[in-house]
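Novice: Structure provided below as structure tokens; questions to follow.
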Amino acid sequence: MSLSRLLSGLFTGSEPNTESPATTQHSGESEPSSTVIYECRTCGTTVSADTVRCPACEGNDIVRYSID
Numbered sequence: 001m002s003l004s005r006l007l008s009g010l011f012t013g014s015e016p017n018t019e020s021p022a023t024t025q026h027s028g029e030s031e032p033s034s035t036v037i038y039e040c041r042t043c044g045t046t047v048s049a050d051t052v053r054c055p056a057c058e059g060n061d062i063v064r065y066s067i068d
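So the sequence shown is residues 1 to 68, counted in the UniProt record's numbering.
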């Protein structure tokens, strides 16, 4: 179970029917799916994959975390 599904289930009380766009699916392969999170290193705001500058603090140090 991906982190995004787990968190969605906790906040809504049930598991969501769709995957987050940040979740990579491997159909037919033996590799497990992983969730990718992009975050501002300065303030911790979660941002989209194409973000260059944080909308909250204007920081430009965006990091990518892959959660398996």
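Note that the Cβ used here is the ideal one computed from N, Cα and C, for glycine as well.
In this structure, how does DSSP classify residue 42 when only helix, strand and coil are distinguished?
Specialist: It is coil, neither helix nor strand.
Novice: Hey, could you find the ends of the beta strand (DSSP E) residue 66 is sitting in?
Specialist: Unbroken beta strand (DSSP E) run through residue 66: 62-67.
Novice: Keeping to the same chain, check which residues put their C-beta closer than 6 Å to that of residue 65; ignore five residues upstream and five downstream.
Specialist: Cβ neighbours of residue 65 beyond the five flanking positions: 37.
Novice: Work out the CA separation of residue 50 and residue 57 for me, nearest whole Å.
Specialist: Roughly 17 Å between the two C-alpha positions.
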